[in-house]
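*Asks:* Taking my numbering, the leading residue of the sequence shown gets 1, the next gets one more, and so forth.
Think of the CB as a built atom: it goes at the ideal place given N, C-alpha and C, for glycine as much as any other residue.
Every value quoted in this text rests on a predicted model; they were computed, and no experiment measured them.
The structure under discussion is supplied below as C-alpha cells; questions concerning it will follow.
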Amino acid sequence: MKKSVLFLGMGAMLLASCSGNQKKIDEDSTRIADLTAEYQEAATFNDSLMLLMGDIYTGLDSINMQEGLLYNMGNSENGDRRAEIRQNLASIKARLAANKALLTSMEEKIKTSGNENSVMSKTIKQLKERIASQDKKIAQLESDLAAAKGQIETLNTQVAEGQEQVKTETAAKEEAQAQAVAAENEANKVYYAIGTNKNLKEKGLLEKKFLGA
Numbered sequence: 001m002k003k004s005v006l007f008l009g010m011g012a013m014l015l016a017s018c019s020g021n022q023k024k025i026d027e028d029s030t031r032i033a034d035l036t037a038e039y040q041e042a043a044t045f046n047d048s049l050m051l052l053m054g055d056i057y058t059g060l061d062s063i064n065m066q067e068g069l070l071y072n073m074g075n076s077e078n079g080d081r082r083a084e085i086r087q088n089l090a091s092i093k094a095r096l097a098a099n100k101a102l103l104t105s106m107e108e109k110i111k112t113s114g115n116e117n118s119v120m121s122k123t124i125k126q127l128k129e130r131i132a133s134q135d136k137k138i139a140q141l142e143s144d145l146a147a148a149k150g151q152i153e154t155l156n157t158q159v160a161e162g163q164e165q166v167k168t169e170t171a172a173k174e175e176a177q178a179q180a181v182a183a184e185n186e187a188n189k190v191y192y193a194i195g196t197n198k199n200l201k202e203k204g205l206l207e208k209k210f211l212g213a
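Here's what the structure looks like:
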C-alpha cells in the first residue's frame, strides 16, 4: 500500500513537472514569436525608411535636372520646353508631398509604438528638412520659369518691333532711292535738251527770232 502511494506521488510530481515544462515552453515560444514579429516589423520599417530616403534623394536629382534644363534654355526655345519643365516640377512636387505625408505617418507610428529611438527620429527629421529644402527650390525654379517666360515674351515683342522698324526704314529708303533716281532722270533730260539746242545753234540750224526783226 505504501509502495502504491509512493508511486502515485512520484507520478503526480512527474506530471506536474511535465506540465510546468510545457507551460514554460509555450511561454518561451510565445515570447520568441513576439520578438520575431517585432524584429520583422522593425526591419520592414527600416527598409521602408531606407526606400523613402532613396526616393527623396532621387527627387533631388530630378529637381537638379529640371534646373539644368531651365538655365540652359536659350531665348529661341519654344513654349513646349517650358511647359515640359513646368509639368515635371508639378510631378516632383506631388511626389514630395506624398513622401512628406508618409514620413509624418511613420513618425506617428514610432511614437505610438513606444519604440522611438534617437537614430530613427533624427533620420526622419533630416528627411523632412530635405523635403522642405526641395519644396523651396522648386518654388524658386517655378518663379524663375515664369520670369524666363516674361523675358522671352518681352524679347519677342522687341524683336517684332525691331523687324517692323526695319521694314519701315527699308520702305523709306527704297522710296528715297526711287525719288533720287527720278530726279536724276529729270536732270539728264534737261541736260540732254540743253546740249542738243547748243549743238544746233553752233551749226546754224537754230536761230532765235525776235519780234519786229
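From this set, 53, 71, 88, which residue's C-alpha is nearest residue 62's C-alpha?
*Replies:* Counting from 1 along the sequence shown, the entry for residue 62 is found at position 62. For residue 62, the nearest C-alpha among the options comes from 88.
*Asks:* Please identify the residue among 57, 138, 174, 80 whose C-alpha is closest to the C-alpha of residue 66.
*Replies:* Residue mapping note: residue 66 aligns to position 66 of the sequence shown, counting from 1. Measuring from the Cα of residue 66, the nearest candidate turns out to be 138.
*Asks:* If we count Cβ pairs, one from each stretch, closer than 8 Å, do we get three or more for the stretch 112-127 versus the stretch 140-147?
*Replies:* Judged by Cβ distances under 8 Å, the stretch 112-127 makes no contact with the stretch 140-147, as fewer than three pairs qualify.
*Asks:* Shortest alpha-carbon distance to residue 127 belongs to which of 98, 83, 114?
*Replies:* Your numbering for residue 127 matches position 127 in the sequence shown. The option with the nearest alpha carbon to residue 127 is 98.
*Asks:* Reducing DSSP to helix, strand and coil, say where residue 114 ends up.
*Replies:* Position 114 of the sequence shown, counted from the start, is the residue given in the question as residue 114. In the structure shown, residue 114 sits in coil (DSSP, three-state: anything other than H, G, I, E or B).
*Asks:* Determine, using beta carbons only, whether residue 92 and residue 69 come nearer to each other than 8 Å.
*Replies:* Looking up residue 92 in the sequence shown gives position 92. Looking up residue 69 in the sequence shown gives position 69. No.
*Asks:* Determine the contact status of residue 59 and residue 102, defining contact as a CB-CB distance below 8 Å.
*Replies:* As a first step, residue 59 is located in the sequence shown; it is residue number 59 there, counting from the start. As a first step, residue 102 is located in the sequence shown; it is residue number 102 there, counting from the start. For residue 59 and residue 102, no; Cβs fall outside 8 Å.
*Asks:* Distance check for residue 53 and residue 135, CA to CA, integer angstroms please.
*Replies:* Locating residue 135 in the sequence shown gives position 135, where the first residue counts as 1. Locating residue 53 in the sequence shown gives position 53, where the first residue counts as 1. Rounded to the nearest angstrom, the two C-alpha atoms are 16 Å apart.
*Asks:* Going by DSSP in three states, residue 72 sits in which element: helix, strand or coil?
*Replies:* In the sequence shown, counting from the first residue as 1, residue 72 sits at position 72. Of the three classes helix, strand and coil, the one that applies to residue 72 here is coil, per DSSP.
*Asks:* Given this structure, state the Cα-to-Cα distance separating residue 55 from residue 170, to the nearest angstrom.
*Replies:* Here residue 55 refers to the residue found at position 55 when the sequence shown is read from its first residue. Here residue 170 refers to the residue found at position 170 when the sequence shown is read from its first residue. Distance between the alpha carbons of residue 55 and residue 170: 59 Å.
*Asks:* Tell me the rounded alpha-carbon separation between residue 100 and residue 82.
*Replies:* Translated into positions along the sequence shown, residue 100 becomes position 100. Translated into positions along the sequence shown, residue 82 becomes position 82. Spanning the two alpha carbons is a distance of roughly 27 Å.
*Asks:* Hey, residue 51 and residue 106: beta-carbon distance below 8 Å or not?
*Replies:* Against the sequence shown, residue 51 aligns to sequence position 51. Against the sequence shown, residue 106 aligns to sequence position 106. No. Outside cutoff.
*Asks:* Given residue 131, which residues of its chain have a CB within under 7 Å of its CB, disregarding the five upstream and five downstream residues?
*Replies:* The residue given as residue 131 occupies position 131 in the sequence shown. 56, 96, 99, 100, listed in sequence order.
*Asks:* Determine the closest residue to residue 90 out of 148, 140, 175, with distance taken between C-alpha atoms.
*Replies:* On the sequence shown, residue 90 is found 90 positions in, with the first residue counted as 1. Here the closest residue by C-alpha is 140.
*Asks:* Near residue 124, which residues of its chain fall below 6 Å by C-beta distance, leaving aside the five closest residues on each side in sequence?
*Replies:* For the purposes of this step, residue 124 is taken as residue 124 along the sequence shown, with counting starting at 1. Hits under 6 Å: 103, 107.
*Asks:* Taking the alpha carbon of residue 44 as the point to measure from, which residue in 133, 110, 148, 174 has its own alpha carbon closest?
*Replies:* Counting from 1 along the sequence shown, the entry for residue 44 is found at position 44. Closest option to residue 44, Cα to Cα, is 110.
*Asks:* Which residue from 175, 148, 174 puts its Cα closest to that of residue 71?
*Replies:* Within the sequence shown, the letter at position 71 stands for residue 71. Checking every option, the nearest Cα to that of residue 71 belongs to 148.
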